[in-house]
Amino acid sequence: MIDTHCHLLYDGIHERLDRVLAEARAAGVHGFITIATTTEDAVRGAALAEAHPDVWCTAGIHPLHAADPIDWQDLERAARHTKCVAWGELGLDNHYKEPAPALQLEVLEAQLERIRGWHAEGLVKPVVIHCRRAVPQLLPVLRGSGLPADRFVFHCFTEGPDEARAVLDFGAWISFTGVVTFRSAPEVAAAAKLVPDDRIMCETDAPFLSPEPVRSARPCLPGYVMHTGLFLAALRGTPFDAFERTVDANARRFFGLPEGIGR
Ligand SMILES: [Zn+2]
Numbered sequence: 244m245i246d247t248h249c250h251l252l253y254d255g256i257h258e259r260l261d262r263v264l265a266e267a268r269a270a271g272v273h274g275f276i277t278i279a280t281t282t283e284d285a286v287r288g289a290a291l292a293e294a295h296p297d298v299w300c301t302a303g304i305h306p307l308h309a310a311d312p313i314d315w316q317d318l319e320r321a322a323r324h325t326k327c328v329a330w331g332e333l334g335l336d337n338h339y340k341e342p343a344p345a346l347q348l349e350v351l352e353a354q355l356e357r358i359r360g361w362h363a364e365g366l367v368k369p370v371v372i373h374c375r376r377a378v379p380q381l382l383p384v385l386r387g388s389g390l391p392a393d394r395f396v397f398h399c400f401t402e403g404p405d406e407a408r409a410v411l412d413f414g415a416w417i418s419f420t421g422v423v424t425f426r427s428a429p430e431v432a433a434a435a436k437l438v439p440d441d442r443i444m445c446e447t448d449a450p451f452l453s454p455e456p457v458r459s460a461r462p463c464l465p466g467y468v469m470h471t472g473l474f475l476a477a478l479r480g481t482p483f484d485a486f487e488r489t490v491d492a493n494a495r496r497f498f499g500l501p502e503g504i505g506r
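FYI, my numbering numbers position 167 of the sequence shown as 410, with every residue one higher than the one before it.
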């Protein structure tokens with residue numbers, strides 16, 4: 244499988260990255276997208292992707308980092324790296340009170356405006372969305388951005404069927420982490436059942452959110468995406484092989500990864 248969303252520069256992974264990647268490959272994970280949350284993260288992510296043939300990177304500011312300094316030139320430079328496959332992660336997070344919602348929205352809208360400009364110049368990429376308890380608020384903003392709906396993925400989907408339907412009706416993709424495997428989150432599993440085969444992806448969000456049956460493991464590692472894949476395949480009544488081929492083809496198509504990555 245391809246882990247479409249992990250944070251390889253975060254503590255718990257970065258200091259032993261070679262071993263973490265080797266273990267993940269041995270578990271059947273071939274392809275990693277390390278997701279940026281700050282300007283610095285984007286710059287370092289590009290260097291990391293350059294050093295590892297099966298790692299790709301992104302460029303964007305996470306809503307919980309909305310108060311951090313943004314260097315737009317550095318962000319653009321990171322985005323122009325040949326291994327940078329998406330903008331993000333960007334969006335809104337209503338789970339935490341800080342940074343203030345108004346600041347999160349300001350940084351989100353500033354990024355969408357820049358992205359529109361970069362797209363006009365030919366620097367075109369899909370967008371990884373972080374959305375926590377913010378679907379009704381976020382969809383109008385994304386709609387108003389004028390960017391194509393099918394180039395957004397709602398990563399780490401943690402809501403129920405109604406929210407999933409709203410995201411799908413908008414036209415975006417949905418990606419699931421280990422949260423979908425939690426017995427305490429049956430609404431997320433219900434949402435995962437109704438996402439069509441051509442709009443679903445799979446990820447770890449490592450170092451966070453280890454899936455069952457390794458939920459207590461800290462940190463979460465990219466190799467654990469296999470557990471989430473196995474769970475989702477069983478939930479959807481699909482043989483794992485077929486599900487793996489489906490989500491890997493989806494990841495290649497959405498992020499423009501080379502043929503031959505994943506199954
Ligand atoms: Zn993330």
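Even glycine gets a Cβ: it sits at the ideal position worked out from N, Cα and C.
Every value quoted in this text rests on a predicted model; they were computed, and no experiment measured them.
Along the stretch 373-399, the beta strand (DSSP E) occurs as fully enclosed runs of 3 or more residues at 395-398, listed in sequence order.
For the pair residue 443 and residue 492, the Cα-to-Cα distance works out to about 10 Å. Between residue 292 and residue 277, the beta carbon gap of about 7 Å places them in contact (Cβ cut-off 8 Å).
Separation of residue 458 and residue 469 (C-alpha to C-alpha, rounded to the nearest whole angstrom) is 13 Å.
Of the candidates 414, 504, 418, 418 places its Cα closest to the Cα of residue 472. Contact between residue 288 and residue 252 is confirmed by a C-beta separation of about 6 Å, below the 8 Å threshold. Shown here, residue 244 sits in coil according to DSSP, grouped into three states, outside any helix or strand.
When DSSP states are grouped into helix, strand and coil, residue 266 belongs to the helix group. Per the coordinates, the alpha-carbon of residue 501 lies some 22 Å from the alpha-carbon of residue 391.
In terms of Cβ geometry, residue 422 and residue 452 form a close pair [threshold 8 Å]. Closer than 7 Å to some heavy atom of ligand 1: that does not describe the Cβ of residue 405. In this chain, the beta strand (DSSP E) harbouring residue 333 covers 327-336. Approximately 6 Å separates the beta-carbon atoms of residue 272 and residue 244; this is inside 8 Å, confirming the contact. Between residue 400 and residue 433, the beta carbon gap of about 11 Å keeps them out of contact (Cβ cut-off 8 Å).
With respect to residue 370, residue 309 sits apart: the two C-beta atoms are not nearer than 8 Å. Annotated as distal: residue 294 and residue 285, with beta-carbon spacing of 8 Å or more.
By the criterion of a C-beta distance shorter than 7 Å, residue 270 is surrounded in its chain by 466, 469, once the five residues flanking it on both sides are discounted. DSSP places residue 489 in the uninterrupted alpha helix (DSSP H) bounded by 483-498. With fewer than 16 neighbouring CB atoms inside 10 Å of its own CB, residue 387 falls in the exposed class. DSSP places residue 417 inside the beta strand (DSSP E), whose first and last residues are 416-419.
Within the stretch 422-454, the runs of beta strand (DSSP E) that reach at least 3 residues and sit entirely inside it are, in chain order, 443-445.
Annotation note: the stretch 283-327 contains the following uninterrupted beta strand (DSSP E) runs of length 3 or greater, listed N- to C-terminal: 298-302. Collapsing the DSSP output to three states places residue 457 in coil.
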